[in-house]
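To start, the structure itself, in structure tokens.
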Amino acid sequence: MKTILVTGGAGFIGANFVRMVLDEHPAVRVINLDKLTYAGNLENLKGYTDNPNHVFVKGDICDGPLVSKVIDEHQIDGIVNFAAESHVDRSLVEPGVFIETNVQGTLVLLKIALEKKIQRFLQVSTDEVYGSLGPEGLFTETTPLSPNSPYSASKASADMLVAAFGHSWGLPYNITRCSNNYGPYQFPEKMLPLMIHNALNDKELPVYGDGLYVRDWLYVYDHCTAIWKVLTEADPGTVYNIGGNNEKTNLEVVGLILERLGKPESLITHVKDRPGHDRRYAIDSSKIMNGLGWKPTVTFKEGVHRTIDWYLSNTDWLNHVVSGQYQQYYESMYTNR
Ligand code: NAD
Ligand code: DAU
């Protein structure tokens with residue numbers, strides 16, 4: 024694979040992926056198409072924007088003529104689609120834009136990928152498409168899709184479109200379904216950076232409901248290496264779950280952050296729950312581990328410490344991100360909750 028189109032490469036995971044590819048695969052060119060929504064930030068690519076193997080294009084995946092032009096101009100071999108509206112809470116307030124980008128935008132990419140005979144289309148999906156688990160069991164790649172939020176419904180719709188393009192017209196695709204990521208450059212609307220930011224400022228840590236909701240946490244670099252392996256080594260038409268085998272309750276995660284920062288537990292405040300909140304996610308990653316030889320390399324404690332250290336030494340990044348619109352968002356979501 025000589026030239027890949029990465030969509031959403033100025034967001035959290037996309038930017039970490041672009042950095043990894045440019046650092047570790049110097050024969051590969053990356054064309055990075057990102058609309059720069061509130062979640063996209065060129066500061067996430069600092070030090071990489073003038074890399075000769077990286078071309079940044081500001082644009083929307085829903086814009087078919089632009090996507091076609093970019094693919095022709097740069098002779099794209101593979102597409103990795105990260106571009107999405109990604110926050111569950113926002114999808115519960117304004118679902119329309121999730122359908123527009125996550126479903127309609129993916130459809131635009133699929134049609135063009137087929138027309139241009141792209142060698143591989145990798146859809147970056149999520150474990151949330153499987154719905155919620157009880158106290159036992161793990162999601163496997165054959166678990167039926169049963170999404171519960173507008174966000175996960177839009178991601179599941181996109182997954183089904185991708186598979187339908189493979190089934191109907193032979194599009195060579197892969198779908199990856201990963202658990203909760205954390206690490207550098209994550210926008211502080213998501214739980215981990217939001218709690219770090221609040222704790223640093225001695226603000227309340229808003230834990231939804233009883234805080235006993237369970238997520239499987241994976242350090243973002245490990246997600247990126249898994250995507251690369253699937254893109255370059257997996258058979259077409261296959262789906263891979265990716266997880267950290269690392270289940271934690273939200274209270275455990277918040278406790279680790281407070282301990283590392285030396286802040287008191289009294290900052291924890293239980294607030295009104297997220298509507299329809301999925302109780303537990305847990306992933307069986309044995310297919311990618313046994314089939315492609317991938318494994319996570321960063322333990323949770325090490326990853327959380329690295330993440331906190333990154334936020335502590337990147338206060339300029341954090342201050343820019345939380346200025347302006349973020350304050351309005353925070354007030355609308357958390358006041359009187
Ligand atoms: P993010 O919100 O940080 O970044 C999304 C990026 O997509 C931003 O740079 C944004 O500007 C861009 N974008 C949005 N709409 C666009 C459009 N119409 N055209 C072009 N670009 C657009 O998201 P993230 O957390 O980095 O997630 C990336 C992908 O990984 C998403 O598809 C998400 O569903 C999936 N995922 C995320 C996680 C997680 O824990 N964050 C876990 C599993 C899967
Ligand atoms: O599982 C993968 C998914 O993980 C991705 O597909 C999504 O893009 C990503 O946002 C993430 O979804 P979650 O809803 O699990 O992540 P979030 O960080 O929003 O919340 C994690 C948990 O923390 C969840 O149980 C809700 C809770 N939470 C979240 C916030 C923002 C709180 O208790 N308080 C908060 O303020």
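Using the numbering used here, the letters of the sequence shown map in sequence onto residues 24 to 360. Backbone N, C-alpha and C fix where the C-beta goes; we use that ideal spot for every residue, glycine too. None of the values given here were measured: they were computed from a predicted structure.
Query, Result
"Assuming Gln146 and Ala106 make a contact with CB atoms under 8 Å, what is their CB distance in whole Å?", "Wrong, their Cβ atoms sit about 11 Å apart, outside the cutoff."
"In this structure, does DSSP put Thr30 in helix, strand or coil?", "strand"
"By how many angstroms is the C-alpha of Asn268 removed from the C-alpha of Tyr244?", "15 Å"
"Please look up how many angstroms separate the CB atoms of Ile219 and Ile280, rounded, as I've assumed it's under 8 Å.", "6 Å"
"For Pro259, which residues of its own chain have a beta-carbon under 6 Å away from its beta-carbon, when the five flanking residues on both sides are left out?", "Pro195"
"Under 9 Å, do Gly87 and Asp57 count as touching if we go by C-beta distance?", "no"
"Could you work out which residue in Val103, Trp317, Thr26, Leu59 is closest to Phe40 when comparing CA atoms only?", "Val103"
"If you check the beta carbons only, do Arg143 and Asp112 fall under 9 Å apart?", "no"
"Spatial neighbours of His110 within its chain, please: CB distance less than 6 Å, with the 5 preceding and 5 following residues excluded, ordered by chain position.", "Glu212"
"If you draw a straight line from the C-alpha of Thr72 to the C-alpha of Asn55, how long is it?", "10 Å"
"Given 8 Å as the limit, tell me if Tyr304 has its C-beta closer than that to any heavy atom belonging to the ligand MN.", "Annotation note on the ligand MN: not contained in the displayed structure, which lists the ligand NAD and the ligand DAU as its ligands."
"So, for Ser114: in the same chain, excluding its five sequence neighbours on each side, which residues have a beta-carbon less than 6 Å away from its beta-carbon?", "Phe121, Ser172, Pro173, Tyr174"
"For Asp112, which three-state DSSP category applies?", "helix"
"Does the Cβ of Asp150 have 16 or more other Cβ atoms within 10 Å, making it buried, or fewer, making it exposed?", "buried"
"Take Gly128 as the anchor and find which of Leu241, Phe162, Cys85, Glu270 has the nearest alpha-carbon.", "Cys85"
"Is it the case that the CB of Lys295 approaches a heavy atom of the ligand DAU more closely than 8 Å?", "no"
"Out of curiosity, what's the CA-to-CA distance linking Gln209 and Lys324?", "17 Å"
"With distances taken between CB atoms, is the gap from Tyr236 to Thr330 smaller than 9 Å?", "no"
"Just checking Gln98 against the ligand NAD - is the residue's beta carbon closer than 8 Å to any of the ligand's heavy atoms?", "no"
"Can you say whether Glu14 is buried or exposed, counting buried as having 16 or more other CB atoms within 10 angstroms of its CB?", "Coverage of the chain is limited to positions 24 through 360, which leaves residue 14 absent and any answer about it impossible."
"Give the straight-line distance between the Cα atoms of Asp339 and Gly189, rounded to the nearest whole angstrom.", "44 Å"
"Just verifying my parser: in three-state terms, what is the DSSP assignment at Arg42?", "helix"
"Would you kindly report the start and end of the unbroken beta strand (DSSP E) that includes Tyr263?", "261–265"
"If you compare alpha carbons, which of Val277, Arg200, Lys178, Ala187 is closest to Leu223?", "Val277"
"Is there at least one non-hydrogen atom of the ligand DAU closer than 8 Å to the beta-carbon of Ser155?", "no"
"Which word fits Gly37, buried or exposed, when buried means at least 16 other C-beta atoms lie within 10 angstroms of its C-beta?", "buried"
"Asp233: which of Asn221, Thr272, Glu256, Arg200 sits nearest, CA to CA?", "Thr272"
"Where does the unbroken beta strand (DSSP E) through Gln127 begin, and where does it stop?", "That residue, Gln127, is in no beta strand (DSSP E); it is neither H nor E in DSSP."
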